[in-house]
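**Q** Quick note on the numbering used here: the sequence shown kicks off at 2 and runs consecutively.
Yeah, the Cβ is synthetic: ideal placement off N, Cα and C, and Gly gets one too.
Please read all numbers here as calculations on a predicted model, not as lab measurements.
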Amino acid sequence: MCGIVGYVGHKDAESVLTVGLQKLEYRGYDSAGIALLLPSGIIVRKKAGKIRELISSLEEDPLPKSTIGIAHTRWATHGGVCDVNAHPHVSQDGLFAVVHNGIIDNFSALKEVLEEEGYEFRSETDTEVISNLLERNYKLLGDLKGAVLKTVRELKGSFALAVLFREDDDLVIGVRKDSPLVVGLGEGENIIASDPVAILPHTKRVVYMEDEEVVFVRRNSVDFYDFEGNPIQKEVKILDYNEEDAEKGPYPHFMLKEIYEQPRVLAVNLDMYVRDNRPVLLKDLNLRRLLLNRSRVVIEAAGTSYHAGLVGKYLLETYAGVPVEVEYSSEFSHRRLVADSKTLVVAISQSGETADTIDGLRHAKKHGLDVLAIVNRPESTIARESDYVIYTNAGIEVGVASTKAYIAQVQVLTLLALELAHVKGLITDDELEYMISHMKSLPRIVEKVLSLDAHVEHIAGKIFRSTNAMFLGRGINYPTALEGALKLKEVSYMHAIGYAAGEMKHGPLALVDDNLPVIVVNPKSSVYELTVSSTHEVASRGGRVISVITEGDRRMAEISEYKIHIPDVPEIFTPIVSIVPLQLLAYYVAILRGVDPDKPRNLAKSVTVR
Ligand code: F6R
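This is the structure:
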């Protein structure tokens with residue numbers, strides 16, 4: 002949801018900022034812009050369209066060199082997608098330039114006041130209010146720090162800001178409230194960005210800003226303040242990412258690279274969370290205290306993470322005997338919460354910055370409930386605000402469509418359910434060890450499924466012209482069907498819908514005709530027979546069945562036009578194995594339809610708006 006970056010140092014700022022923007026492009030890509038500070042004042046170049054458009058414009062018509070600037074890649078909230086609405090936004094008299102990630106809720110009221118005072122607005126954005134307010138307050142107070150603090154206190158909403166001030170060529174100002182901002186500390190240079198990936202090429206030493214903090218970043222100093230202006234001491238952390246994690250390497254797209262990273266992600270989590278065929282998550286007494294003796298778990302999450310939560314419900318109920326409800330964060334956080342202290346809230350998120358999920362977490366905390374987070378990104382807001390965090394260790398996920406993070410979430414939930422079941426005496430030592438020994442073969446099994454790549458691409462070639470697709474699954478693979486449908490629709494724009502297979506006969510069966518690809522996820526499981534019956538209902542009405550089934554399954558093969566065979570694994574692991582061909586299917590359908598799967602229209606990776 003918009004990426005911002007600011008730099009002051011000794012390098013060519015344009016190059017640092019445009020590289021930074023490319024790393025942040027996953028956060029939004031409908032327009033981009035850059036502002037540099039020159040002796041003559043602030044100069045801005047901005048363009049609707051992807052960052053490529055901005056870079057081409059800078060190549061054709063270069064800006065003068067500078068070592069200080071700010072930049073932005075936009076996911077539009079207020080105002081249409083056009084050059085004028087792109088950031089940065091410069092104040093009326095050119096004193097300040099601002100880039101902004103977030104939404105200013107009271108921008109209309111502030112705009113009215115500023116207009117009454119004679120300010121004229123060029124764009125339809127909420128952000129232009131910030132630059133003009135800064136200018137107005139600076140002229141009023143004659144003091145920069147005072148003007149910045151007054152301005153941020155007047156703003157309501159969520160905002161991460163990077164600001165240039167025309168009168169100081171050794172200063173970029175950063176502000177954080179409810180939108181992420183990280184400061185990277187270099188030698189004679191410092192950088193601020195929405196995500197450490199934009200900082201990684203320059204330094205691994207970072208400071209994560211908290212809400213209601215301001216930073217004055219200079220070439221050789223960095224000073225943090227709260228919104229009252231009190232100085233704050235911050236802890237310096239070392240990033241443990243590699244730069245290659247944020248590069249495509251030999252793959253044409255991040256989505257494909259990340260699908261192919263899944264065996265490694267599974268292996269990393271086995272390494273982290275398993276010793277001698279036993280999960281060790283609950284060896285931590287804090288987590289054990291959080292999980293034991295709960296009469297109810299409520300999982301709150303969005304999108305793909307919500308689907309992982311649905312698998313989690315199945316796992317925790319079936320194996321650990323805990324009643325679980327799964328809620329969309331956007332629904333959970335704005336409703337009366339009926340729960341007692343025996344309810345544990347679990348927030349699942351790849352980014353740890355999804356605004357809806359943060360709201361859900363805060364809603365739970367406000368009611369005195371404990372929150373366990375299952376999060377991929379360390380130091381994210383959700384990780385920091387929860388009572389306990391289990392990291393999913395998938396590494397940086399850049400592709401807008403979540404793939405490896407999903408598999409990691411499901412794997413962690415599986416480990417948790419099995420370990421909890423064991424601690425509660427619901428499964429024996431032998432049963433636990435048997436399961437974990439199977440889990441250890443998952444990296445190899447997923448590797449094998451990836452070798453079906455060309456076969457899945459061939460199937461994609463048969464369906465990519467369809468306008469609709471349906472995904473069916475039952476039991477533990479009902480969420481797999483939902484996730485398969487989400488992947489397909491978001492990256493290829495083909496309308497796709499996931500149903501619980503048993504629900505077909507209650508309505509959706511009417512949609513089936515000989516044009517409709519129906520992707521049935523039916524590996525060997527306790528609901529196999531029932532799903533075979535549902536598949537017959539589809540096949541006998543002419544539906545084109547594409548099935549994800551266990552190797553050697555002749556019965557499903559007979560009623561399927563195309564088959565994707567996955568290795569035989571215990572039912573509990575089928576969501577991990579059967580989602581992989583569906584991710585590949587979505588990827589190849591997108592490619593065949595000419596869509597860039599890393600940057601589907603209207604979407605952004607980290608959804609920091611409500
Ligand atoms: C879909 C996708 C989104 C995210 C959702 C939640 O492929 O990536 O649906 O899953 O926006 O994001 P996180 O997990 O970062 O909270």
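How big is the Cα-Cα spacing for Glu354 and Glu236?
**A** Counting from 1 along the sequence shown, the entry for residue 354 is found at position 353. Counting from 1 along the sequence shown, the entry for residue 236 is found at position 235. So the two alpha carbons sit approximately 20 Å from each other.
**Q** DSSP has Pro518 in a bridge; who is on the other side?
**A** If you number the sequence shown from 1, residue 518 lands on position 517. According to DSSP, Pro518 bridges with Arg545.
**Q** Any idea which residues DSSP pairs Thr126 with across the strands?
**A** Locating residue 126 in the sequence shown gives position 125, where the first residue counts as 1. Per DSSP, none; premise fails for Thr126.
**Q** Between the region 139 to 159 and the region 73 to 89, are three or more C-beta pairs nearer than 8 Å?
**A** no
**Q** Assign Gln234 to one of two classes, buried (16 or more other C-beta atoms within 10 Å of its C-beta) or exposed (fewer than that).
**A** In the sequence shown, counting from the first residue as 1, residue 234 sits at position 233. Flag for Gln234 reads exposed.
**Q** For Asp84, name the three-state secondary structure that DSSP assigns.
**A** Mapped onto the sequence shown, residue 84 falls at position 83. Reduced to three states, the DSSP call for Asp84 is coil.
**Q** Less than 8 Å between CB atoms is the rule here; does Ala587 satisfy it with respect to chain C?
**A** Absent here is chain C; the protein component of the structure consists of one chain.
**Q** Quick check on Ser350: does DSSP put it in helix, strand or coil?
**A** Reading the sequence shown from its first residue, position 349 is the one you call residue 350. It is a strand residue.
**Q** Considering only their Cβ atoms, is the gap separating Asp212 from Gly158 smaller than 8 Å?
**A** In the sequence shown, residue 158 corresponds to position 157, counting from 1. In the sequence shown, residue 212 corresponds to position 211, counting from 1. For Gly158 and Asp212, no; Cβs fall outside 8 Å.
**Q** Under the assumption that Pro280 contacts Ile498 (Cβ atoms under 8 Å), give the Cβ distance between them as a whole number of angstroms.
**A** In the sequence shown, counting from the first residue as 1, residue 280 sits at position 279. In the sequence shown, counting from the first residue as 1, residue 498 sits at position 497. Wrong, their Cβ atoms sit about 35 Å apart, outside the cutoff.
**Q** What separation, rounded to the nearest whole angstrom, lies between the Cα atoms of Ala110 and Gly4?
**A** Here residue 110 refers to the residue found at position 109 when the sequence shown is read from its first residue. Here residue 4 refers to the residue found at position 3 when the sequence shown is read from its first residue. Taking the straight line from one Cα to the other gives about 26 Å.
**Q** Within the chosen definition, does the region 195 to 206 reach the region 240 to 258 through at least 3 CB pairs nearer than 8 Å?
**A** yes
**Q** What do you reckon, are the CB atoms on Asn478 and Val522 nearer than 8 Å?
**A** The count along the sequence shown starts at 1 and reaches residue 478 at position 477. The count along the sequence shown starts at 1 and reaches residue 522 at position 521. Going by C-beta atoms, Asn478 is nearer than 8 Å to Val522.
**Q** With burial defined as no fewer than 16 other Cβ atoms inside 10 Å of the residue's Cβ, what is the status of Leu286: buried or exposed?
**A** By 1-based counting over the sequence shown, the position of residue 286 is 285. With fewer than 16 other Cβ atoms within 10 Å, it is exposed.
**Q** Between the alpha carbons of Ile573 and Val216, how many angstroms are there, rounded?
**A** Here residue 573 refers to the residue found at position 572 when the sequence shown is read from its first residue. Here residue 216 refers to the residue found at position 215 when the sequence shown is read from its first residue. So the two alpha carbons sit approximately 48 Å from each other.
**Q** Express the C-alpha separation of Ile375 and Gln412 in angstroms, rounding to a whole number.
**A** Taking the sequence shown and counting its residues from 1, the one referred to as residue 412 is at position 411. Taking the sequence shown and counting its residues from 1, the one referred to as residue 375 is at position 374. Answer to the nearest angstrom: the Cα atoms are 11 Å apart.
**Q** Per DSSP, what are the beta-bridge partners of Arg206 in this structure?
**A** As a first step, residue 206 is located in the sequence shown; it is residue number 205 there, counting from the start. Bridge partners of Arg206: Ile239.
**Q** State the Cα-Cα distance for the pair Phe228 and Val164, rounded to the nearest angstrom.
**A** Taking the first residue of the sequence shown as position 1, residue 228 is located at position 227. Taking the first residue of the sequence shown as position 1, residue 164 is located at position 163. Going by the C-alpha atoms only, they are around 16 Å apart.
**Q** Beta carbon of Glu491: closer than 7 Å to some heavy atom of the ligand F6R?
**A** Taking the first residue of the sequence shown as 1, we reach residue 491 at position 490. Result yes, Cβ under 7 Å from the ligand F6R.
**Q** Report the three-state DSSP secondary structure of Lys178 (helix, strand or coil).
**A** Counting from 1 along the sequence shown, the entry for residue 178 is found at position 177. It is a strand residue.
**Q** Classify Val114: buried if its beta carbon has 16 or more other beta carbons within 10 angstroms, exposed otherwise.
**A** For the purposes of this step, residue 114 is taken as residue 113 along the sequence shown, with counting starting at 1. Exposed, by the Cβ-count rule.
**Q** Which residues in the same chain as Asn516 place their Cβ atom closer than 7 Å to its Cβ, once the five residues preceding and following it in sequence are excluded?
**A** Taking the first residue of the sequence shown as position 1, residue 516 is located at position 515. So the list reads Ser467, once near-sequence residues are dropped.
**Q** What does Glu326 pair with, by DSSP beta-bridge criteria?
**A** Within the sequence shown, numbered from 1, the residue matching residue 326 stands at position 325. According to DSSP, Glu326 bridges with Val299.
**Q** For the candidate residues Glu538, Ser526, Gly476, whose alpha-carbon lies nearest to that of Met505?
**A** In the sequence shown, counting from the first residue as 1, residue 505 sits at position 504. The shortest Cα separation from Met505 among Glu538, Ser526, Gly476 belongs to Glu538.
**Q** Within a Cβ cutoff of 6 Å, which residues of the same chain sit near Asn377, ignoring the five residues on either side of it in sequence?
**A** In the sequence shown, the residue the question calls residue 377 occupies position 376. Within the same chain, Asn377 has close Cβ partners Gln351, Thr393, Ala395, Ala406.
**Q** Contact between the region 477 to 497 and the region 581 to 599: three or more CB pairs below 8 Å?
**A** yes
**Q** Please specify which runs of the alpha helix (DSSP H), each continuous and at least 4 residues long, are wholly inside the region 217 to 284, giving them in chain order.
**A** 255 to 261, 263 to 274
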